[in-house]
Amino acid sequence: MLPPLIIETKDLSKVYGEQRALDGVNLQVAPGAIGLLGPNGAGKSTFMKCLLQLHPITSGSARLLGREVGREGREIRKRVGYTPEQDCHIPGMVGCEYATYCAQLSGLPFQAARQRAHEMLDFVGMGQERYRKIDTYSTGMKQRLKLAQAIVHDPEIVFLDEPTNGLDPRGQAQILELIQSLWRKYGITVVLSSHLLQDVDSICDQIIIIARGKVLVHDTLENLKARRRGAAEVVVAERHQELQAACGQEGWACELLPNGHLKVEHKCDSLNPLLKVLDRLKLAPLEIMPSPNALEETFVQALELSHAAA
Amino acid sequence: MPLHDISYQHWDGSHLGIWRRRLVIARAGVAACLQIRGMRHMVVMCWFAALLMATLLFLVGQLLVADSVVVLWAGNLNPQLQTFVRLLTTWLEQHPEISVRTTQNILFHYFGIYLLPISIFALGTAIPLLVTRDLASNAIIIYSSKALNRGDYLLGKFSTAFGLLSLTWLGPVCAAWFAGNLVAPDWRFFWHSRAALGHTLVFGLATLVVLSLLALGVSSLSSKEKSTPVFWYLWWILGGVVAPIAAHTQPWLRHVSFNYNLDQLALAIFRPAEDIRIAQENIPLLGDMLKNIPAETLAALSAPPLIGASIGLGLMLLLAVTIVNRKVKPE
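Chains as they are written, first to last, in my numbering: chain A, 2 to 311; chain U, 5 to 335.
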């Protein structure tokens with residue numbers, strides 16, 4: 002049996018004055034970790050805000066969690082979490098007070114709200130700083146708090162708009178790890194909007210690419226990678242030229258990348274032919290990365306097609 | 005150890021209704037206002053005034069019954085004064101519906117009017133905490149992403165202002181009425197003073213709604229926390245300066261002052277001039293003394309036609325609602 006659809010849109014459009022931010026978006030999205038990709042100004046945030054009813058829809062229709070967006074806003078948002086891109090804290094409040102307040106706004110009674118707030122602050126890795134005023138927080142703490150307020154009421158789906166913005170690499174990795182666990186461990190659907198491909202690549206299993214207000218690609222990451230299965234990146238410690246020559250004999254394009262890796266376009270569904278070549282050369286690879294940059298290439302290709310069509 | 009080892013727990017309790025969620029906003033707003041030390045002082049001052057009013061009502065109540073503590077004390081002070089008070093109280097005892105009603109109606113009219121400026125000042129202090137701060141910090145988007153809509157948010161913020169005014173004005177006034185009559189010599193005082201309470205509630209609720217909406221409008225004018233209280237105080241002070249000057253030149257201009265319009269509303273509801281006339285005509289001795297009140301003063305206390313004040317307040321409320329509607333959006 003197919004899983005129930007979590008997001009459904011039909012000819013969804015949003016117009017700001019002369020600008021068409023969303024242009025007839027048709028989507029049917031199943032639960033999972035969904036990556037929303039697109040260049041800046043593509044319409045990713047607008048798409049999320051229309052679903053959350055923060056912006057009214059100009060035309061078309063949308064359903065979130067099986068309910069009609071625009072008619073059942075409160076009921077939908079009771080089951081949805083959201084972290085906006087920009088800072089949105091209430092000045093003067095301390096962290097745990099803020100998380101408790103957000104839980105209460107979502108309808109949790111005070112005792113439950115306070116307990117959940119502390120649990121979620123533990124979950125996002127906030128320690129004693131939860132008792133400090135938010136105004137004194139670093140960017141990383143604010144991002145963690147934003148995530149905590151989005152999940153404090155135990156939503157079924159959580160929309161995250163650029164959640165790793167302004168974080169150092171370690172902070173980014175920690176936040177991404179938390180986000181990944183939401184779907185994989187706890188079954189909360191995640192919609193991650195980002196322009197950072199590696200963020201989406203590392204945690205999402207479905208990809209939606211939006212540009213100029215239109216959906217260019219909607220598929221699983223697995224399928225997208227399968228489309229680019231005929232390429233691999235090989236890391237070898239020595240004999241690069243020998244491997245390049247052997248690939249050339251097979252009729253495969255082989256390029257030495259600036260990082261010392263060899264990119265091989267073997268055009269096969271599996272890595273077996275490439276492994277045979279390596280075996281024949283008695284060359285032990287340090288690492289083989291199948292379909293490297295599949296997402297990036299798909300993304301660039303989709304954008305190029307979109308520009309050409311425009 | 006990975007951070008998410010502290011596992012996530014699902015929650016399956018029942019959600020609070022929408023009115024409880026609105027109340028959460030109002031309660032948090034009032035709590036934030038009370039964190040300001042000056043605000044706490046003002047609240048204490050208002051309740052202290054209520055205590056004084058209750059004491060005054062106790063003394064007045066004692067004057068209205070024979071052989072009360074005050075009458076005995078007056079006798080100790082001056083036997084002639086005691087005779088005078090005895091004569092007065094004998095009559096008053098026979099007509100409590102006039103004496104209690106009249107006295108308390110006049111007292112509560114003035115108490116309400118004189119306590120109001122403290123509340124208007126307190127509201128000015130609270131104005132940045134209503135909408136201004138949320139506009140500055142983008143917090144409105146957080147409210148809008150929860151199980152609330154813009155109307156719920158605004159209702160919550162309106163209730164914050166309403167709650168604060170209840171704490172500094174309506175609460176103390178009603179408490180003074182209750183405490184004053186509780187210590188009165190006769191339980192019937194509660195019944196005979198019902199008009200004073202009724203007028204206070206009608207005027208109080210109308211004033212609270214008007215001031216709360218105006219405060220919401222001013223609070224939405226800007227996202228700068230220092231600007232919005234200045235707008236509020238300027239409007240209040242300029243209105244207070246303009247109204248008396250305009251009385252001699254352009255009388256309609258008086259209605260730019262919300263305070264003037266509210267004073268007119270109070271006169272129309274409490275009608276103190278009528279009570280003074282009743283006292284003049286019916287209460288011996290004291291009535292004769294009240295006849296010395298100049299005719300102009302009595303005319304100024306007469307119920308005015310409310311059309312000007314209604315239009316003035318109506319336009320102000322329309323302006324406030326328009327500002328809120330234009331400025332307070334999820335983004």
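Glycine included, each C-beta is placed from N, C-alpha and C at the ideal position.
Could you tell me which of the options sits nearest to residue i, measuring between CA atoms?
| i | options | result |
| --- | --- | --- |
| Leu294 (chain U) | U:Ala307, U:Glu278, U:Gln268, U:Trp181 | U:Glu278 |
| Gln242 (chain A) | A:Ala232, A:Gly261, A:Tyr17 | A:Gly261 |
| Gly221 (chain U) | U:Val332, U:Asn265, U:Ser103 | U:Val332 |
| Val135 (chain U) | U:Leu56, U:Pro309, U:Ala272, U:Ser231 | U:Ser231 |
| Tyr99 (chain A) | A:Ala113, A:Pro110, A:Ala118, A:Tyr83 | A:Ala118 |
| Pro5 (chain A) | A:Leu244, A:Tyr102, A:Ala295, A:Leu65 | A:Leu65 |
| Ile110 (chain U) | U:Arg198, U:Leu319, U:Asp292 | U:Arg198 |
| Met94 (chain A) | U:Lys228, U:Ala32, U:Asn296, U:Trp15 | U:Ala32 |
| Leu284 (chain A) | A:Cys248, A:Glu297, A:Ala303 | A:Cys248 |
| Met43 (chain U) | U:Ala130, U:Val104, U:Val28 | U:Ala130 |
| Glu305 (chain A) | A:Ile7, A:Pro40, A:Val30, A:Gln29 | A:Pro40 |
| Phe262 (chain U) | U:Trp181, U:Leu242, U:Ile144 | U:Leu242 |
| Ser216 (chain U) | U:Leu127, U:His14, U:Gln254, U:Ser306 | U:Leu127 |
| Gln87 (chain A) | A:Pro164, A:Leu183, A:Lys215 | A:Pro164 |
| Glu1 (chain A) | A:Asp280, A:Leu263, A:Met121, A:His219 | Residue 1 (chain A) is absent from the model: chain A starts at 2 and stops at 311. |
| Leu319 (chain U) | U:Leu158, U:Lys228, U:Ser306, U:Val260 | U:Val260 |
| Ser223 (chain U) | U:Trp236, U:Pro248, U:Val75 | U:Trp236 |
| Ser11 (chain U) | A:Phe124, A:Ile8, A:Leu106, A:Ala114 | A:Phe124 |
Tell me whether residue i is buried or exposed, calling it buried when 16 or more other Cβ atoms sit within 10 Å of its Cβ.
| i | result |
| --- | --- |
| Phe112 (chain U) | buried |
| Gln207 (chain A) | buried |
| Ala246 (chain A) | exposed |
| Asp9 (chain U) | Unreliable positioning characterises Asp9 (chain U) in this predicted model, as indicated by a pLDDT of 49, which lies under 50. A coordinate reading is not provided. |
| Gly17 (chain U) | exposed |
| Ala78 (chain U) | buried |
| Trp240 (chain U) | buried |
| Ala251 (chain U) | exposed |
| Thr164 (chain U) | buried |
| Asn265 (chain U) | buried |
| Tyr17 (chain A) | exposed |
| Trp256 (chain U) | exposed |
| Gln317 (chain A) | As shown, chain A starts at 2 and ends at 311. That puts residue 317 (chain A) outside it, with no answer to give. |
| Gln29 (chain A) | exposed |
Express the C-alpha separation of residue j and residue i in angstroms, rounding to a whole number.
| i | j | result |
| --- | --- | --- |
| Trp253 (chain A) | Glu130 (chain A) | 56 Å |
| Arg41 (chain U) | Ala299 (chain U) | 45 Å |
| Ser14 (chain A) | Ser62 (chain A) | 9 Å |
| Leu91 (chain U) | Ser72 (chain U) | 13 Å |
| Phe52 (chain U) | Leu174 (chain U) | 14 Å |
| Gln108 (chain U) | Phe274 (chain U) | 10 Å |
| Leu7 (chain U) | Gly172 (chain A) | Because Leu7 (chain U) sits at a pLDDT of 48, beneath the cut-off of 50, its placement in the model cannot be relied upon, and the following sentence gives the value as read from the coordinates. Near 11 Å, if we compare the C-alpha coordinates of Gly172 (chain A) and Leu7 (chain U). |
| Ile122 (chain U) | Met46 (chain U) | 7 Å |
| Gly316 (chain U) | Val201 (chain A) | 58 Å |
| Ala104 (chain A) | Phe111 (chain A) | 8 Å |
| Pro92 (chain A) | Asp24 (chain A) | 37 Å |
| Val236 (chain A) | Val265 (chain A) | 11 Å |
| Leu55 (chain A) | Gln20 (chain A) | 18 Å |
| Gln39 (chain U) | Lys134 (chain A) | 14 Å |
| His267 (chain A) | Cys255 (chain A) | 9 Å |
| Ala35 (chain U) | Arg228 (chain A) | 58 Å |
What does residue i pair with, by DSSP beta-bridge criteria?
| i | result |
| --- | --- |
| Gln207 (chain A) | A:Ile35, A:Thr221 |
| Leu186 (chain U) | DSSP, once it has assigned bridges, lists no residue as partnering Leu186 (chain U). |
| Ala315 (chain A) | With chain A covering only 2 through 311, there is no way to say anything about residue 315 (chain A). |
| Val235 (chain A) | A:Leu263, A:Ile289 |
| Val216 (chain A) | A:Ile211 |
| Leu23 (chain A) | A:Lys15 |
| Lys150 (chain U) | Bridge partners of Lys150 (chain U): none, in fact. |
| Ala299 (chain U) | Per DSSP, none; premise fails for Ala299 (chain U). |
| Gln29 (chain A) | A:Glu9 |
| Thr84 (chain A) | A:Leu161 |
Just to confirm, are residue i and residue j a CB contact at a threshold of 8 Å?
| i | j | result |
| --- | --- | --- |
| Asn185 (chain U) | Leu61 (chain U) | yes |
| His203 (chain U) | Glu101 (chain U) | no |
| Val278 (chain A) | Glu239 (chain A) | no |
| Leu302 (chain U) | Ile327 (chain U) | no |
| Leu37 (chain A) | Ser203 (chain A) | no |
| Asp190 (chain U) | Ile22 (chain U) | no |
| Thr84 (chain A) | Asp162 (chain A) | yes |
| His99 (chain U) | Asn329 (chain U) | no |
| Lys150 (chain U) | Arg78 (chain A) | yes |
| Ala303 (chain A) | Val218 (chain A) | yes |
| Pro334 (chain U) | Ile145 (chain U) | yes |
| Leu122 (chain A) | His154 (chain A) | no |
Hey, would you say the C-beta of residue i is under 7 Å away from at least one heavy atom of the ligand GTP?
| i | result |
| --- | --- |
| Leu96 (chain U) | Absence of the ligand GTP is noted for the structure shown, with no ligands found whatsoever. |
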